[in-house]
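Each step along the sequence shown adds one to the number in the UniProt record's numbering, with nothing skipped, and position 132 is 132.
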Amino acid sequence: MHIENSFTVPLTLDQAWITLLDIRRVAECMPGAVLDSADGDIFAGRVKVKVGPVSLTYKGQAEITQRDEAKHVAMLVAKGRDARGNGTAGANVTMRLADDGGRTRVDLLTELDITGRPAQMGRGVMTEVSNRLINQFADALAGKLAAEQTAGATVAPNPDALSAPASEPAASVPRHAAPMRTTPPSPAAAEINVLSLAGRSIVRRMWTGFVRLLGRLLGHR
């Protein structure tokens, strides 16, 4: 059975080549897949899929049999058996990468050999299942890459602070400079500050005026 799939990844061509062939890194992005072991280009695992009304859990082994970094082409051979005895599955997969304007287009060509109940579903059903799995994988991989990029992002240090002499603080204020305010004072605070600057002279003047006014009032009585 011949199946073709395509998707894109938000990576450059060289980055996509390294990432997609890192099985440990991308296995968790494949829906229903569990990686049990990996030794170089040989790895073993399980994958759970549903084909029509049939639920299957294939357990098997896969191997990257060819890598052509210059052409960005790789080949993978996989085979497995359903845990409940519902047949076997084997696949020869050719992966081709191509630049797509800063992203990478991935074309998969799969020759699928399947036995048991799933084989009775026909090519149309198998293609639909394959497309759904590949699309879910592509979405999960894009999400993983975005999360890794966010987690790895750091704030660049201030070069002036790094180059400042140890004897002087990098953010020191000149001696004659006015203190810097981060926020303007409120009207109430401004009024309090003005009174404190006037000091006791204002209090004396107010008291003197009050005494004079009181004396005038008493003198008229």
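Backbone N, C-alpha and C define an ideal beta-carbon position, used for all residues, glycine too.
| Item | Value |
| --- | --- |
| Cβ contact check for the stretch 82–102 and the stretch 58–74: 3 or more pairs under 8 Å | yes |
| Helix, strand or coil at L35 [DSSP, three-state] | strand |
| Among I114, G101 and L108, nearest to G90 - alpha-carbon criterion | I114 |
| Which residues DSSP lists as bridging G116, in chain order | Answer by DSSP bridge pairing: none, since G116 is not bridged. |
| Beta-carbon contacts of I3 that lie in its chain and below 7 Å, excluding the five residues immediately before and after | T110, L112, M126, T127 and S130 |
| Buried versus exposed, by CB contacts within 10 Å (16 or more), D82 | buried |
| Where G45 falls, given that 16 or more other Cβ within 10 Å makes a residue buried | buried |
| Closest by C-alpha distance to A16, when choosing among D41, G102 and S55 | G102 |
| Own chain residues within Cβ distance below 6 Å of S38, not counting five before or after | The question names Ser, yet the displayed sequence has Ala at residue 38. So the list reads I23 and R24, once near-sequence residues are dropped. |
| Whole-angstrom distance between L13 and D139, CA atom to CA atom | 18 Å |
| CA-to-CA distance, Q120 to Q149, given in whole angstroms | 44 Å |
| Bounding residues of the alpha helix (DSSP H) (the contiguous stretch that carries K144) | R123 to G152 |
| Terminal residues of the beta strand (DSSP E) in which T88 lies | T88 to D100 |
| Nearest-angstrom beta carbon gap, T8 and D100 [assumed within contact, 8 Å] | 6 Å |
| Cβ-based burial, I134 [other Cβ within 10 Å; buried from 16] | buried |
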